[in-house]
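Asker: Take a look at the following structure, please.
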Amino acid sequence: MPSVFTRIINREIPAYIVAESDDFLAFLDINPLVEGHTLVIPKKEVDYLFDLDDETLAGLNLFAKKVAKAIDSVSDCERVGVSVVGLEVPHAHVHLIPINSVDDMNFGRMKLSPSKEELATTAKRINAAL
Numbered sequence: 002m003p004s005v006f007t008r009i010i011n012r013e014i015p016a017y018i019v020a021e022s023d024d025f026l027a028f029l030d031i032n033p034l035v036e037g038h039t040l041v042i043p044k045k046e047v048d049y050l051f052d053l054d055d056e057t058l059a060g061l062n063l064f065a066k067k068v069a070k071a072i073d074s075v076s077d078c079e080r081v082g083v084s085v086v087g088l089e090v091p092h093a094h095v096h097l098i099p100i101n102s103v104d105d106m107n108f109g110r111m112k113l114s115p116s117k118e119e120l121a122t123t124a125k126r127i128n129a130a131l
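For what it's worth, the working numbering labels the leading residue of the sequence shown as 2, then goes sequentially.
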């Protein structure tokens, strides 16, 4: 069965997409730690980040770098943090999180519940910065 991320890639379920290439996709986390929390994934479904072939892993990082710069330019943050947890969804992915403190990347804390309108606005702002 395809992962939820593959279903997003295939447009079977909706997502707030901020960037896309032939090989990668970036979209907002719908329950973010902070506004602008974005997931970056390869379109190739591989469970574990370090099982990606070298070319895909390098490409994912370069794609994430572009997205992170766009997030940084539209967010009130000191920088964009990167996290790889990889336990929630069996599809390699990185989290890009605008941060002002280490606690902004604490996955154990309460997540936000933005409205569809708030997510759409954030996605448009990041996309416009690309």
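Where is the CB? At the ideal position from N, CA and C, for every residue including glycine.
In whole angstroms, what is the alpha-carbon distance linking LEU120 and MET111?
Answerer: As a working mapping, residue 120 is identified with position 119 in the sequence shown. As a working mapping, residue 111 is identified with position 110 in the sequence shown. Their Cα atoms are separated by approximately 18 angstroms.
Asker: With DSSP collapsed to three states, give me the class of VAL47.
Answerer: On the sequence shown, position 46 is the one that residue 47 refers to. Note: VAL47 maps to coil in three-state DSSP.
Asker: Closer than 6 angstroms by C-beta to ILE18: which residues in its own chain qualify, once you throw out the five before and the five after it? Chain order, please.
Answerer: As a first step, residue 18 must be located in the sequence shown, where it is residue number 17. Excluding sequence neighbours, ILE18 sits near PHE28.
Asker: Report yes or no: do three or more beta-carbon pairs, one from the segment 61-77 and one from the segment 3-15, lie closer than 8 angstroms?
Answerer: Because the criterion of three Cβ pairs below 8 angstroms is not met, the segment 61-77 and the segment 3-15 do not touch.
Asker: Do ASP52 and PRO91 have their beta-carbon atoms positioned less than 8 angstroms apart in this structure?
Answerer: For the purposes of this step, residue 91 is taken as residue 90 along the sequence shown, with counting starting at 1. For the purposes of this step, residue 52 is taken as residue 51 along the sequence shown, with counting starting at 1. Not a contact, by the Cβ cut-off of 8 angstroms.
Asker: Span of the alpha helix (DSSP H) holding ILE10?
Answerer: For the purposes of this step, residue 10 is taken as the residue at position 9 of the sequence shown. Start and end: 5-10.
Asker: Would you identify the three-state DSSP class for ALA20, choosing helix, strand or coil?
Answerer: If you number the sequence shown from 1, residue 20 lands on position 19. Reduced to three states, the DSSP call for ALA20 is strand.
Asker: Starting from the Cα of ASP73, find the closest Cα among VAL85, GLY37 and GLU13 and give me that residue.
Answerer: In the sequence shown, residue 73 corresponds to position 72, counting from 1. Residue GLY37 is the option with its Cα nearest to ASP73.
Asker: Give the DSSP bridge partners of GLY82, in chain order.
Answerer: Within the sequence shown, numbered from 1, the residue matching residue 82 stands at position 81. Answer is ILE98, bridged to GLY82.
Asker: Measure how close the beta-carbons of ILE42 and LEU26 come, nearest whole angstrom, since I'm counting them as under 8 angstroms.
Answerer: Indexing the sequence shown from 1 puts residue 42 at position 41. Indexing the sequence shown from 1 puts residue 26 at position 25. The Cβ separation is near 5 angstroms, so the contact holds.
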